[in-house]
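Residue numbers for the sequence shown, in this note's numbering: 1145 to 2334.
We treat Cβ as the ideally placed atom computed from N, Cα and C, and that holds for glycine.
Input: a single structure, listed below in structure tokens.
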Amino acid sequence: MIAEPNAASNLPSQKENAVHDETVPESAVQNGRCVRNGNLKTPREKRKVREQCENIRRNSSSCRRVSQLQNGKVVEAVTLFDVVSMGKQAMQSVVDDWIEAYKQDRNVALLDLINFFIQCSGCQGMVTAEMFQSLHKKDVMRKMTENFDEETGLQYKKFIAYPWILTVTWPVDKDNEDYPLIRTGPYWKKFKANFCEFIAVLVQQCQCSILYDSYLMDTIISLLTGLADSMVRAFRHTSTLAAMKLLTAIVSVHLNLDVNKHNAQRLYEVEKKRIGGKRTNYRLDQLERKRKEYEHKLVEIQNMMNAIFKGMFLNRYRDVIPEIRATCIEEIGSWIKIYPDAFLNDSYLKYIGWMLYDKQAEVRLKCLLGLQGIYSRKELASRMDLFTSRFKDRIVSMPLDKDHEVAVQAMKLLMLMSQNCEDALSAEDCETLYQFVYTAHRPLAVAAGEFLYKRLLSHEGDEEVQPKGGGKFGASTDQLKRLIRFFLENELHKHVAYLIDSLWDWAGKFLKDWECMTTLLLKNTEDGGEALSDAHESALIEIILATVREAAEGHPPVGRGAAKKILSVKEKKIQLEDCTKITEHFIMVLPQLLAKYSTDAQKVANLLQIPQYYDLDVYSTGHLEKHLDALLRGIKDIVAKHSDMSVLEASSRTYSILCSEDIAIYSQVDHARTELIDELMGQFNQLLDGFWEKEEGFCTDAGETSRMQSALRRVAAFHNTHDLTKWNLYDKTLKLLVFEMEHWSLPVLMILPALQCTYFSLLWQLAAVSENSPKETLVALQRELRRFSQICTCFLHHKEKDVREKAFMILCDWLLILSHQDSNNNEEAVGLLDYLPNTSLQEKLLLFIQEHVFIEEEEESKDLTEEEERKDESCKLDDLHKKRSLLAAYCKLIVYNVVEMTAAAEVYKYYVKTYNDFGDIIKETLSRMRHNNKIQSAKTLILCLQQLFQTHAESQDSSSSVDFSSASFTNMKELARRFSLTFGWDQVKSRESVAMIHKYGYLQRYIAEPLPCRGDEWQPLIWYRNSLLANEDEESSVLGSSGEWSPVGTSKPSSFKRKLSNGSLPETSQTEAALKAPDLQCASQLASAAGKSRKKLKSREMHLQEHLPFLCPGGLRRRYWASVPSWTNFDCAEEKTSKEEGSWSQFPYLWSGSEGYGVGCSLAVCCSQMLSIFCISGNERGFLSLQICC
């Protein structure tokens, strides 16, 4: 409710300096929602205001509507805030109604508008107004205050909204800082848009009438400026948004006035020339008056713009709230685009440039969007030279921004700068930006792809890329060559699939021109023109495969995008058309390409992947069986020529795809496949027979050994995707493995495919187990499964590293399959074939991981050339990839409960040390284990830390205490901190595991003998342990041997009051009473303490800290403080705790008097959880425990 000024103040004839008293309308007084003036001094007045404000908040919905009598009829009036927030009425009619009310009584209408802005700020209080006519400037500025009354809980703000001094009074709800601009829900969803529309329409409708009356705009600008200086966020945010939108609307008015002024000036000059030397006439006088009127309005509009810019923008563009800063930057960008003649200069552009360095991504984003609107217009971009030179480096670096949307918009801005600003970006800048086509974030990669395409690949407007010889594929050929050249010259990345995906949205037309690509590959030098080099041909084949995959699958490559893209109906139609186009073209061309490049393993391996994207029905519907025969013959020749596994596996997969039983060409392909496998097995049997005929079964002929290796590799590749059980391959390869176990003399290249063949044979047999399989067959298969597992276990100690790693990978996969088999619902088969590793095998697997993955290799310093360094780096990356594969295979056994979960403790030990190489694998393992079994996972964490501490303690000199400043102990603390972060923020979910950690960690149950106690030294620890133990007998025995001192925390609060005057501990009688209390009381006290709120616990701890100095001597005070659960977040600074009297409250570390028996160290703080390791070292033993306090 706004108190209106005296009606006499509305008379324009009254002078400004006349004295008028503020008068409150009678209706407002009767409603009880108005304060007489803004000076509330007595407590009674303050209480009255608070009651009034609470009534307003309680009845806010009812007080928005009042009934008024107009022309004898009762009309329901709705406030501006209600109309705007609902947004159901046309905004222009609302504004027109307000303008009519303003013309009738401008003070009442203005007060209504003021109330609108106050309500839009979420203020549920009331506004009082007094006329600014009798006060001098100094007195007025002295009254511009904002304070909070703690007695009544009311916030006051007094400020000028010319010609009034407004006082806003509202109750403060510190727990709810909500206001309309940030509210959620369907009702408030469009409030901001409606609010901005209201301001724009208000200025638009007033520009021809009351905008220049020197009253309306002065009041609004004064109001918004006063609200913007408030410490209340709602006032600042709402008023800043209103002021910025107001200035945007005024800028549009200024632009229209400027245009009208120039038109009037031109008409005036034309009219003046037309009448010549005649005397002035009415028309000329009219044009002159209109021109001067426009000039006068422009001056007033300019004054308004200056007032808002200097009074609002300059203060709020660096506001502490990022939304306010973003609003300012967004609007200044609009001003520059709307009226560049006035705003496109360095005086305004500098603010956008400065805010490019803002810490909040929202503000940086608004800067980039505003600059995009400027650089998108060439006539404006040409005037940005100084800004470009000053802030170009910052913009070029912003595609690396941590916020993805900011990075994308920065790349789009750089593309506009490249298009519309000559020489804005150097060649080095462009080379840097080109690399973003390989980024994992697809929107950024697509934006970089647009930049690459329009800057480098597109031939439009570039004379150098125009087709010289003409021809059918002139333009596409040149673009392809440019793309190939870019791909080959790029030394940082070789991922062509990511490059094609980045360019797909912009260069899809020429990337789908497979006819042009294959024509380039099949082109000979005799045909004329320049042929492609071998490197260019390899790159082009990779591009062909990537484009075919992109068109057929329709989703980004692996690693770019969380899930497969859901295609629309139109996209699915395009995908089917592309698949048909691919099939029809490559059915005829692929056999020719295979014949041409049949000797090149890399090219053939890529070409053989194309048939998997065929629409195979085209073979039969198009009567293209002859091309199928040509393809099968080509694949057969390639298999005979090559022994490279990539080529053989690609050939095997192609046969598998073409052998689908539900298509018409199955019989034709199956016949060709059977012939090929017969030939391969015949060659293998012949070589194997010759191998065994040699003396002692050892082949010394290098050529024959090479042929045997090639035959084994071919058979292994086809056995991976095809069932070769009827060729009895298992017995033959098993014999080779047994021979190697006895003699250890076979070449590595023979052992590896023999292992794979045996593994694949058993998998095919296992997959063939059905519900009706006889028991004899299952028993025989079980025997062979155990036998193969023993062979793989034996090969873990092979002299060749490759054999050891292959045996380990196969063994891990084998154990995982056997422990999770289904066997077609055959329960008997599951029982016979189920196999879990025994303790010995688990130890061997763990030892293998420790020796082959976590072993530290010493680097020898050598003077290598650049080429040698590159090869050495490549070898290191390959070795790291192998290690990661080994670790992942073993972690899968842990996650799926194939091996004991406690085995993960040995892996967790290396989490911190090897975080860069294996941190993601270990972290995922920890997460999966916690999801499977929270309790057991927490036990594993404790076991890991216990083992680390025991190792650390054993490594120390037995005559001295454990060194807590060593690197190993520091790593242990860091590991504990990492473990604490894995429990998350939800205390309910981690409740059970936290309780378990208390029992198994803090209570050191794994120690065979109890801790040595000297006097009453460890009573707090024993008391806490007894409160958690479930065994009642154990509790009573421990308490019985604990001495006579009882923790002060067990006594009642009344005992504290009684003993404060004495300054001593409770007597023995009180201690005995505490000892006789049931054990359940201690546990209930702990449980109730854990359930209290953080504030109560903190206040209880502060109470204990305050009164304990009067209750305990120095040593006992320290020991008691150590026993209290640590509910506050202590800093883990590396500081030594002083043993002086009274220093215990500053450093809550454990002390044990002068014996030097214990040192406590808080290791990690994680907001609501604190994971602490208390390490206590003695002369003979030590222990480690974890504590999580929630």
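query                                                                                                                                                                                                   : result
If I measure Cβ to Cβ from I1754 and keep anything under 8 Å in the same chain, skipping five residues before and after, which residues do I get?                                                       : I1688, L1689, V1692, I1726, F1730 and L1734
Mark T1877 as exposed unless 16 or more other C-beta atoms lie within 10 angstroms of its C-beta, in which case mark it buried.                                                                         : buried
Pull up the distance between the alpha-carbon of A2047 and that of I2038, whole angstroms please.                                                                                                       : 7 Å
Buried or exposed: Y1758, going by 16 or more other Cβ atoms within 10 Å of its Cβ?                                                                                                                     : buried
Taking buried to mean at least 16 other C-beta atoms within 10 Å of its own C-beta, is A1568 buried or exposed?                                                                                         : buried
Please confirm if the stretch 1436 to 1445 is in contact with the stretch 1374 to 1386, defined as three or more CB-CB distances below 8 Å between the two stretches.                                   : no
What are the start and end residues of the alpha helix (DSSP H) that includes M1375?                                                                                                                    : Element bounds for M1375: n/a, residue is neither H nor E.
CB-CB under 8 Å to L1399, same chain, minus the five flanking residues each way: which ones, in chain order?                                                                                            : I1482 and Y1483
Going by Cα to Cα distance, which pick from L1431, I1496, L1624 and D1657 is closest to E1415?                                                                                                          : L1431
Taking a contact to mean a Cβ-Cβ separation below 8 Å, would you say R1857 touches L1792 in this structure?                                                                                             : yes
For R1586, which residues of its own chain have a beta-carbon under 6 Å away from its beta-carbon, when the five flanking residues on both sides are left out?                                          : P1700, R1704 and G1705
Suppose the cutoff is 6 Å on Cβ atoms and the five residues either side in sequence are ignored; what does the same chain contact list for A1641 look like?                                             : A1690 and P1701
Who pairs with W1908 in a beta bridge, going by DSSP?                                                                                                                                                   : W1908 is not bridged to any residue.
In whole angstroms, what is the alpha-carbon distance linking L1802 and G1698?                                                                                                                          : 22 Å
Leaving out five residues on either side along the sequence, give the residues of the same chain with a beta carbon under 7 Å from the beta carbon of L1985.                                            : T1937
Below 6 Å CB to CB, which residues in the same chain sit around Q1351 once its five sequence neighbours on both sides are set aside?                                                                    : V1397
Could you compute how far the alpha carbon of S1602 sits from the alpha carbon of V1581?                                                                                                                : 16 Å
Excluding the five sequence neighbours on either side, which residues of its own chain have a C-beta within less than 6 Å of the C-beta of A1335, listed in chain order?                                : Looking at the sequence itself, residue 1335 is Phe, so the reference to Ala does not match. These residues qualify, in order along the chain: S1229 and P1324.
Exposed or buried, which one is I1644 when buried takes at least 16 other CB atoms within 10 Å?                                                                                                         : buried
Taking the continuous alpha helix (DSSP H) assigned at H1680, which residues delimit it?                                                                                                                : D1678 to E1697
Do the stretch 2082 to 2100 and the stretch 2108 to 2123 meet, that is, are 3 or more Cβ pairs less than 8 Å apart?                                                                                     : yes
Please state if the CB of I1343 and the CB of A1393 are separated by a distance shorter than 8 Å.                                                                                                       : yes
Under a three-way DSSP split, which group does I1309 fall into?                                                                                                                                         : strand
As a quick exercise: from M1528, I1473 and I1518, pick the residue whose alpha carbon is nearest that of D1502.                                                                                         : I1473
Opposite K1302 in the DSSP bridges: which residues?                                                                                                                                                     : T1311
For D1773 and S1850, I'd like the C-alpha separation in whole angstroms.                                                                                                                                : 31 Å
To the nearest angstrom, how far is the alpha carbon of E1244 from that of W2129?                                                                                                                       : 58 Å
DSSP three-state label for V1239, please.                                                                                                                                                               : helix
Could you tell me which uninterrupted alpha helix (DSSP H) segments, each at least 4 residues in length, are contained entirely in the stretch 1498 to 1538, listed from first to last along the chain? : 1505 to 1519 and 1522 to 1525
Quick check on the DSSP output: the alpha helix (DSSP H) that includes G1477 runs from which residue to which?                                                                                          : P1466 to I1482
With DSSP run on the structure shown, which of helix, strand or coil describes E1981?                                                                                                                   : Residue 1981 is actually Pro in this sequence, not Glu. P1981: coil per DSSP, three-state reduction.
For S1265, count neighbouring C-beta atoms within 10 Å of its own C-beta (all shown protein chains included) and say buried if the count is 16 or more, exposed if not.                                 : buried
Q1853 and M1894 look like a contact to me (Cβ under 8 Å); what is the Cβ gap, rounded to whole Å?                                                                                                       : 5 Å
Ignore the nearest five residues each way along the sequence and tell me which others in L1666's own chain have a CB closer than 8 Å to its CB.                                                         : V1733, Q1736, L1737 and K1740
What would DSSP say about I1999, mapped onto helix, strand or coil?                                                                                                                                     : coil
Would L1346 and V1239 be called neighbours here (beta carbons separated by less than 8 Å)?                                                                                                              : yes
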